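Following: one structure in structure tokens, then a few remarks.
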Amino acid sequence: MARRTEPPDGGWGWVVVLSAFFQSALVFGVLRSFGVFFVEFVAAFGEQAARVSWIASIGIAVQQFGSPVGSALSTKFGPRPVVMTGGILAALGMLLASFATSLTHLYLSIGLLSGSGWALTFAPTLACLSCYFSRRRSLATGLALTGVGLSSFAFAPFFQWLLSHYAWRGSLLLVSALSLHLVACGALLRPPSLAEDPAVGGPRAQLTSLLHHGPFLRYTVALTLINTGYFIPYLHLVAHLQDLDWDPLPAAFLLSVAAISDLVGRVVSGWLGDAVPGPVTRLLMLWTTLTGVSLALFPVARAPTALVALAVAYGFTSGALAPLAFSVLPELVGTKRIYCGLGLLQMIESIGGLLGPPLSGYLRDVTGNYTASFVVAGAFLLSGSGILLTLPDFFSCFSTTTSRPQDLVTEAPDIKVSLPKEGLEED
Amino acid sequence: MRALPGLLAARAPTPRLLLLLQCLLATARPSSADGSAPDLPFTSLPLREEMMANNFSWESHNISLTEHSSMPVEKNITLERPSNVNLTCQFTTSGDLNAVNVTWKKDSEQLENNYLVSATGSTLYTQYRFTIINSKQMGSYSCFFREEKEQRGTFNFKVPELHGKNKPLISYVGDSTVLTCKCQNCFPLNWTWYSTNGSIKVPVGVQMNKYVINGTYANETKLKITQLLEEDGGSYWCHALFQVGESEEHIELVVLSYLVPLKPFLAIVAEVVLLVAAILLCEKYTQKEKKHSDEGKEFEQTEQLKSDDSNGIENNVPRHRKNESLGQ
């Protein structure tokens, strides 16, 4: 019985998009809205704000650093069992947190346990998504990632309502029940019925082959640089506006405007990435350059209208580059190494995400205003987009579809197959 | 918000200097800004004995009225310590100033003496001085200007307000919670906490580590209750004592048992389990159907091959076509 070698680009794939949508909402929406619990923890445990902030930081760090583990496990067992286990872990972490008697309990339960749960869900899901789509991959990824934006809007007031009725213990219990839906989302991740590759080579072999893959390494460096500059506005824009004598409420409103245009940017870029012929890398470079430019222009703008326009531009372009960043990967490393590649990518680029904001804060402390911070952030983005120029297929006229049968055979490291473009880098 | 003490109090500790300053300020125009001493054309100033002897701070406040003021003008003043108070009202009218009747009242009692009246141009000034020592002197002081209509200006003296939490505080059985009361920029002499049994206020005693009262700063108080029981829920009152009065605030405490959030939790978990079961069963069902149809097709295919083989080469073409259609 012959099976497909091409991804279906539809059908059950749209259900996977739905699952990814809910998963990104449940993982990142919960993380981003955790600030609501922050005040309660400070009051309940009588601890300083800095110590309470570590809860979310540990959670994010574990989620990103644990991504390769999630990817490796899903290469071996398939995405479904891994994501379902991740959902159970995440819910368990929150459940145990509701019984916490000290801050350390919360570090371990929410930070470590829920963080590992989240690590096992996000990367495998996105990789699974890439298995289902090739022509409309960017659109699918973009649609799936809109879950993050929408849930950040919805969960913050929802959590506040929960807190006013159940206090933080009861609310954590209910958030745990909410996170359990990750298990249901994981159940939807049917592995696509692509032709089975008998000698996949296992996760370790894939990892080694990836680490020797030139374009992948360059792409990782590019994304790390991009990641360093990417988060800075979300953290420091409000402070920068207050330096310019804006009131807190209009400043927060500007951030909401950026968030809305981020959402629109994700969907538009996803659609555009599939509709426009040619490699997606070019579009990614376009959006990254525009984001870098808009960031660098922030310190120059003084008038409110200029700042609003820049916020919209930044929101749109930074949202636009998000789905494409995930779409380029399958074109580089192939569908079968996607799980491994995505995990590794997340882990390395998280270094940029961790270092960027403190660096920006340090520049602010040294120079006295945010000009240097924003310009440096823009510079990071521009240098990242410069490295994208060096990727293969950048200047070619037609896009490389990842469903080439040759890709599936190159995984076994001892088989040397010379391919027209990627063969030279293969081990 | 506390009113700032007037310029007189800041600069003139002795009465003689006060008189001198008043003469210097005699020709200046008065202002109706809050808190600053109005430059009044009062040339003689009777100061009472107690005001000269005490070293309380001075509070000066001013209200401006015109004949066209439609609503009574009120000023709220927060006071926590005994003070000497200097109240001034000025009334501008186009009519005859001599026909205006000026009176002062405290709450609804008319005050007989200690107020001055003076006139400049088309404005009538009146000043009332007194000392607030305890809560009896706190209240509303009003100046009245009666022509045909009566114009009124009121100074309301209140103790500082306390702020608790508007929303009820929610906690769980066995947990501990902290009730906080604070006021802005105030230093009460004493803080007390009361809990209510029905409608009776019972002071909260410090019993056996269950209740701990302390506050890091003078302007706040914290009541920590440990080992909460459901009966501990209800209304709590925090009470601040000042020299010039008392102030209190109400805080609501709700103690829930673990069953309250547990019920929705279990409901949602049951829903997730059902969902997962439904998804997996649905998939098994469709896979079974596919398997059956595939097996059927494979069976047909092998049958065809057998028959084609036996038929010979002439059937190559139809066999190819059949294979292609099955492979799609």
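Here the protein sequences come in this chain order: A and B.
The numbering of the first sequence is full-length UniProt numbering, which starts it at 1 and goes up by one.
The numbering of the second sequence is full-length UniProt numbering, which starts it at 1 and goes up by one.
The beta-carbon is built from N, C-alpha and C at its ideal position, and this holds for glycine as well.
Just so you know, these numbers come straight off a predicted model, no measurement behind them.
When you compare only the Cα positions, how much space is there between residue i and residue j?
{"i": "A/ARG137", "j": "A/GLY341", "result": "16 Å"}
{"i": "B/THR126", "j": "B/ARG81", "result": "25 Å"}
{"i": "B/ASP294", "j": "A/PRO215", "result": "41 Å"}
{"i": "A/GLY353", "j": "A/LEU381", "result": "12 Å"}
{"i": "A/GLY292", "j": "B/THR177", "result": "48 Å"}
{"i": "A/GLY149", "j": "A/GLY319", "result": "10 Å"}
{"i": "A/ALA205", "j": "A/LEU283", "result": "32 Å"}
{"i": "A/GLY356", "j": "A/LEU210", "result": "26 Å"}
{"i": "A/GLY315", "j": "A/VAL300", "result": "18 Å"}
{"i": "B/VAL206", "j": "B/TYR172", "result": "21 Å"}
{"i": "A/VAL27", "j": "A/HIS212", "result": "32 Å"}
{"i": "B/GLN151", "j": "B/GLU161", "result": "29 Å"}
{"i": "A/HIS181", "j": "A/VAL30", "result": "13 Å"}
{"i": "A/ILE348", "j": "A/SER71", "result": "14 Å"}
{"i": "A/TRP14", "j": "A/PHE394", "result": "29 Å"}
{"i": "B/LEU189", "j": "B/LEU241", "result": "6 Å"}
{"i": "A/ALA296", "j": "B/ILE251", "result": "50 Å"}
{"i": "A/ARG302", "j": "A/THR371", "result": "12 Å"}
{"i": "A/GLY66", "j": "A/GLY115", "result": "8 Å"}
{"i": "A/LEU263", "j": "B/LYS284", "result": "36 Å"}
{"i": "B/ILE180", "j": "A/PHE99", "result": "Going by the sequence as given, residue 180 of chain B is Thr instead of Ile. Taking the straight line from one Cα to the other gives about 24 Å."}
{"i": "B/VAL117", "j": "B/PHE155", "result": "18 Å"}
{"i": "B/LYS291", "j": "B/THR302", "result": "16 Å"}
{"i": "residue 331 of chain B", "j": "B/LEU223", "result": "This structure leaves residue 331 of chain B out entirely; chain B is present only between 1 and 328."}
{"i": "A/ALA61", "j": "A/PHE159", "result": "23 Å"}
Note down, in chain order, each residue of its chain lying with its Cβ closer than 8 Å to the Cβ of residue i, except the 5 sequence neighbours on either side.
{"i": "A/GLY44", "result": "In the sequence under discussion, the amino acid at residue 44 of chain A is Ala, which differs from the Gly named in the question. Around A/ALA44: TRP168."}
{"i": "B/MET138", "result": "LEU79, ILE132, PHE157, LYS158, VAL159, VAL244 and GLY245"}
{"i": "A/ALA2", "result": "Residue placement at A/ALA2 cannot be trusted, given a pLDDT of 43 that sits under 50; what the coordinates show is reported in the next sentence. Contacts found: none."}
{"i": "A/ALA325", "result": "LEU223, ILE226 and LEU284"}
{"i": "A/ARG80", "result": "GLY186, ALA187, LEU189, ARG190 and PRO191"}
{"i": "A/GLN48", "result": "VAL42"}
Go through its chain and collect everything with a Cβ distance to residue i's Cβ below 7 Å, but skip five positions before and after it.
{"i": "A/THR402", "result": "Bear in mind that the predicted position of A/THR402 carries a pLDDT of just 41, short of 50, making it unreliable; the figure below should be weighed with that in mind. Taken in chain order, the residues that qualify are SER134, PRO330, GLU331, GLY334 and THR335."}
{"i": "A/ILE110", "result": "ILE55, GLY59, GLY93, MET94 and ALA97"}
{"i": "B/ASN134", "result": "GLN243 and VAL244"}
{"i": "A/LEU129", "result": "VAL16, VAL17, ALA20, ALA140, THR141 and ALA144"}
{"i": "A/ALA173", "result": "Ala is not the amino acid found at residue 173 of chain A; the sequence shown has Leu there. Result list for A/LEU173: LEU95 and SER98, in chain order."}
{"i": "B/ASN166", "result": "none"}
For residue i, count the other beta carbons within 10 Å of its own beta carbon; 16 or more makes it buried, fewer makes it exposed. Which is it?
{"i": "A/TRP118", "result": "buried"}
{"i": "A/PRO358", "result": "exposed"}
{"i": "B/HIS68", "result": "exposed"}
{"i": "B/ASP232", "result": "buried"}
{"i": "B/PHE91", "result": "buried"}
{"i": "B/PHE265", "result": "buried"}
{"i": "A/THR367", "result": "exposed"}
{"i": "A/ALA154", "result": "exposed"}
{"i": "A/ARG364", "result": "buried"}
{"i": "B/ILE200", "result": "exposed"}
{"i": "A/GLY11", "result": "exposed"}
{"i": "A/GLY142", "result": "buried"}
{"i": "B/VAL204", "result": "buried"}
Measuring CB to CB, does residue i end up less than 8 Å from residue j?
{"i": "A/TYR132", "j": "A/PRO8", "result": "yes"}
{"i": "A/SER33", "j": "A/SER152", "result": "yes"}
{"i": "B/TRP193", "j": "B/CYS143", "result": "no"}
{"i": "A/VAL36", "j": "A/ALA156", "result": "yes"}
{"i": "B/ASN76", "j": "B/ARG129", "result": "no"}
{"i": "A/VAL308", "j": "A/LEU254", "result": "yes"}
{"i": "A/PRO191", "j": "A/GLY78", "result": "yes"}
{"i": "A/LEU120", "j": "A/VAL82", "result": "yes"}
{"i": "residue 440 of chain A", "j": "A/VAL52", "result": "Coverage of chain A is limited to positions 1 through 427, which leaves residue 440 of chain A absent and any answer about it impossible."}
{"i": "A/ALA258", "j": "A/ALA311", "result": "yes"}
{"i": "B/SER122", "j": "B/SER94", "result": "yes"}
Take residue i and list the residues in its own chain whose beta-carbon comes closer than 6 Å to its own, dropping the five residues that flank it on each side.
{"i": "A/LEU345", "result": "THR220"}
{"i": "A/SER171", "result": "LEU162 and LEU163"}
{"i": "A/SER399", "result": "Confidence in A/SER399 is poor, its pLDDT being 49 and thus under 50, which makes the residue's placement unreliable; the coordinate value appears in the next sentence. Correct list, in chain order: GLY278 and PRO279."}
{"i": "B/GLY153", "result": "ILE63, LEU65, VAL73, CYS89 and CYS143"}
{"i": "A/LEU73", "result": "VAL82"}
{"i": "B/CYS186", "result": "GLU80, PRO160 and ASN219"}
Starting from the N-terminal side, write out each stretch of the alpha helix (DSSP H) that is 4 residues or longer and does not extend beyond the stretch 73-119 of chain A.
Inside the stretch 73-119 of chain A, DSSP marks whole alpha helix (DSSP H) runs of 4 or more residues at positions 79-97 and 103-106, from first to last along the chain.
At what residue ranges does the stretch 319-381 of chain A contain a whole run of the alpha helix (DSSP H), taking only runs of 4 or more?
338-367
Any chance you could list the alpha helix (DSSP H) runs of at least 4 consecutive residues sitting entirely within the stretch 271-301 of chain A, in chain order?
280-297
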